[in-house]
Amino acid sequence: MLVKGFLKKILKKPFLLNYCGKLIVIIKINKKINSIILTAGEKYYIIKCMKIGSDKTMKNFVSASILSADLLRLGSEITKLEENNIDWIHFDVMDGVFVPNISYGIPVLEQIRKKTDMYLDVHLMITDPLKYIKRFDEAGADMITFHVESESDTMETIKALQQTLCQIGLSIKPNTPAEAVFPYIEFADMILVMTVEPGFGGQKFMDMSEKIRKIREYADKHGREDLMIQVDGGIDDKTAPIVRASGANVLVSGSYLFKSDDMERSARLIRGDANAE
Ligand code: DX5
Ligand code: ZN
């Protein structure tokens with residue numbers, strides 16, 4: 002039953018390699034995150050196949066924060082992201098308690114999942130993320146990032162995420178030191194270093210270069226050259242080169258991207274593509 006659920010939810014055109022009794026082995030290649038998803042019976046595995054990190058093949062991604070989109074025209078805004086080769090959609094969930102703002106949640110994510118195959122990067126700015134991991138997974142998240150400052154136990158939340166097909170992200174606010182995520186790096190796919198106080202789009206960038214560098218160094222030293230480091234808040238063509246130079250490779254952008262007259266070019270600029278100019 003579980004396998005059927007997986008099939009329905011994540012594998013649009015599964016490639017069946019084997020079938021014997023209850024055992025089904027399926028492979029999905031996700032080019033966006035360079036991974037292969039394999040399921041066998043009730044277990045599943047996500048295997049990353051390209052080395053990213055401090056080596057030269059490290060890839061940069063732009064994740065568009067739809068908090069800055071025209072929410073009454075969300076469908077066409079998403080089409081625009083697809084047409085402009087944006088890599089990921091960044092979905093900010095705010096509960097009005099963990100941060101002083103309330104955004105949107107599970108029903109909106111479900112609608113987005115129906116509309117697009119884009120990679121859905123969900124940023125939970127909520128007090129008790131553990132309580133909602135399963136729901137956001139079922140709603141179609143590809144990555145779930147939660148805050149170590151939340152009230153949920155960090156390790157328990159990681160364990161809950163390991164039961165899903167989502168990649169695992171851990172986030173820290175500007176006043177939280179890099180060291181707070183060190184014990185969890187071995188379990189994480191991505192660390193999100195906030196470059197504003199979470200809660201609102203359009204805020205001024207706070208330089209977290211030192212923190213990003215520390216996390217990248219720690220990850221490299223501990224065999225996690227593939228760790229993604231995301232930055233979120235005030236990212237534009239001026240600030241993106243600063244964070245990329247420190248070791249960040251996933252750049253969230255809301256107001257800069259959605260206000261741009263040429264979204265594709267703006268994304269190339271923040272991604273740091275060679276042909277950006
Ligand atoms: C802030 C959110 C961000 C925000 C970024 O709490 O997590 O994702 O939308 O917006 P900009 O790029 O406008 O700073
Ligand atoms: Zn965010």
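Each step along the sequence shown adds one to the number in the numbering used here, with nothing skipped, and position 260 is 261. Heads up, the beta-carbon is just placed ideally off N, CA and C, and yes, glycines get one too.
Residue pairing by DSSP puts THR146 in a beta bridge opposite HIS124, GLY170. Between the region 96-108 and the region 257-273 there are fewer than three C-beta pairs closer than 8 Å, too few to call the two in contact.
Taking 7 Å as the cut-off, the C-beta of TYR257 counts as close to a heavy atom of ligand 1.
According to the DSSP assignment, PHE259 belongs to no beta strand (DSSP E) but to the alpha helix (DSSP H) extending over 256-260. Between the alpha carbons of LYS116 and MET264 lies a distance of about 20 Å.
ILE243 has no beta-bridge partner at all, per DSSP.
Listed by position along the chain, the residues with Cβ atoms less than 5 Å from a non-hydrogen atom of ligand 2 are ASP93, HIS124, ASP233.
Across the set LEU162, ASP122, PRO108, the C-alpha of LEU162 shows the shortest separation from the C-alpha of LYS132. Beta bridge pairing from DSSP links VAL94 with LEU125. Exclusion of the five residues before and after ARG272 leaves ASN61, VAL63 as the residues of its chain whose Cβ lies within less than 6 Å of its Cβ. Not one heavy atom of ligand 1 falls within 7 Å of the beta-carbon of PRO242. Segment contact: the region 240-259 against the region 207-226, three or more CB-CB distances shorter than 8 Å; contact assigned. The alpha-carbon of GLU226 is positioned some 36 Å away from that of PRO108. Rounded to whole angstroms, ASN176 and GLY106 show a C-alpha spacing of 26 Å. In the three-state reduction of the DSSP assignment, GLN204 falls in the coil class. Listed in chain order, the non-local C-beta contacts of LYS81 below 7 Å within the same chain comprise MET264, local neighbours out to five positions each way being set aside.
With 16 or more other Cβ atoms inside 10 Å of its own Cβ, ALA220 counts as buried. Per the coordinates, the alpha-carbon of THR146 lies some 19 Å from the alpha-carbon of PRO101.
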